[in-house]
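> So that we are looking at the same thing, I have put the structure below in structure tokens.
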Ligand SMILES: [Zn+2]
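Numbering (the working numbering), first residue to last: 194 to 445.
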């Protein structure tokens, strides 16, 4: 079945040749795909508005040996109200970068697609840092890297309040006895542990409850997740820096 229809979100795009454009689309039925928007300026001109970054659209592809070719695209939601704000745009860029870096081509994750779409949608109404933490935590959890926050990863004892450490290497909390096993582990506050546990089981409609969390606690959690994501990705995430720069600019 070389002809395929599915919906998806445009994750990245770049020029492929003088007349073709290569588009990464995170689809519901085929995971992340690379698709060509081919040549003929007329076709590109017709499709272009539907293929903007972060658009949720219905796609009609022809599946070739190496690439998909886009036959048609029809935007479902271009999130225009959200995208116009630079802070929102920086977060969207960060979300899309995570999808492109972490998901291998062709691996299906329909829950992540729904989560990505919801997370973009709420940006206009939600505290940015909370939205960022929420997306990151749900994202790594759905990919099987949910940080262990209930018991020590090594000795599996239930955590006692007080002296606990976060280990990127072990993927969660170490008790003070076991923290020597990972010299790069670092202290984490009880409230931060509670917040991560809480957000991990929260859903998007009840996220408003987190509006009044103190800034320093949000920042501690944000730093941990940022480090954890970069550890998992084995690289610096450009989107994270972009989010920080824009935040500094807009916070004055
Ligand atoms: Zn332990």
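For glycine and all other residues, C-beta sits at the position ideal for the given N, C-alpha and C. Being a predicted model, the structure only gives us computed values, none of them experimental.
1) Closer than 7 Å: is that where the CB of residue 347 sits relative to any heavy atom of ligand 1?
2) If you drop the 5 nearest sequence neighbours on each side, which residues of the same chain put their C-beta closer than 7 Å to that of residue 284?
3) What do you reckon, is the C-beta of residue 370 under 7 Å from a heavy atom of ligand 1?
4) Please classify residue 423: does DSSP put it in a helix, a strand, or coil?
5) For residue 399, count neighbouring Cβ atoms within 10 angstroms of its own Cβ and tell me buried if that reaches 16, exposed if not.
6) Run through the region 288-364 for me and flag every whole beta strand (DSSP E) of 3 or more residues, listed as ranges in chain order.
7) Is the distance from the Cβ of residue 340 to the Cβ of residue 397 below 8 Å?
8) Closest to residue 385 by CA distance: which of 418, 270, 196 and 271 is it?
9) For residue 414, count neighbouring C-beta atoms within 10 Å of its own C-beta (all shown protein chains included) and say buried if the count is 16 or more, exposed if not.
10) With DSSP as the reference, please indicate the residues paired to residue 255 in a beta bridge.
11) Would you tell me roughly how many angstroms separate the C-alpha atoms of residue 246 and residue 272, rounded to the nearest one?
12) Is residue 440 near ligand 1, in the sense that its beta carbon is under 7 Å from a heavy atom of that ligand?
13) Below 6 Å CB to CB, which residues in the same chain sit around residue 432 once its five sequence neighbours on both sides are set aside?
14) Once you ignore the five residues that flank residue 199 on each side, which residues in its own chain have a CB closer than 7 Å to its CB?
15) Identify every residue that forms a DSSP beta bridge with residue 207.
16) With hydrogens ignored, establish whether the beta-carbon of residue 367 is closer than 7 Å to any heavy atom of ligand 1.
17) To the nearest whole angstrom, what separates the beta carbons of residue 226 and residue 261, a pair I think is in contact under 8 Å?
18) Assuming contact is defined by CB atoms lying nearer than 8 Å, are residue 354 and residue 345 in contact in what I supplied?
19) For residue 250 versus residue 269, is the C-beta distance shorter than 8 Å?
20) Report the option in 333, 281, 306 and 332 whose CA atom is closest to the CA atom of residue 318.
21) Considering only C-alpha positions, which residue in the set 295, 409 and 375 is nearest to residue 426?
Judging by the given coordinates:
1) yes
2) 316, 321, 324, 325 and 436
3) yes
4) helix
5) exposed
6) 357-360
7) no
8) 418
9) buried
10) 196 and 262
11) 10 Å
12) no
13) 286, 287 and 290
14) 220, 221, 222, 223 and 252
15) 215
16) yes
17) 5 Å
18) no
19) yes
20) 281
21) 295
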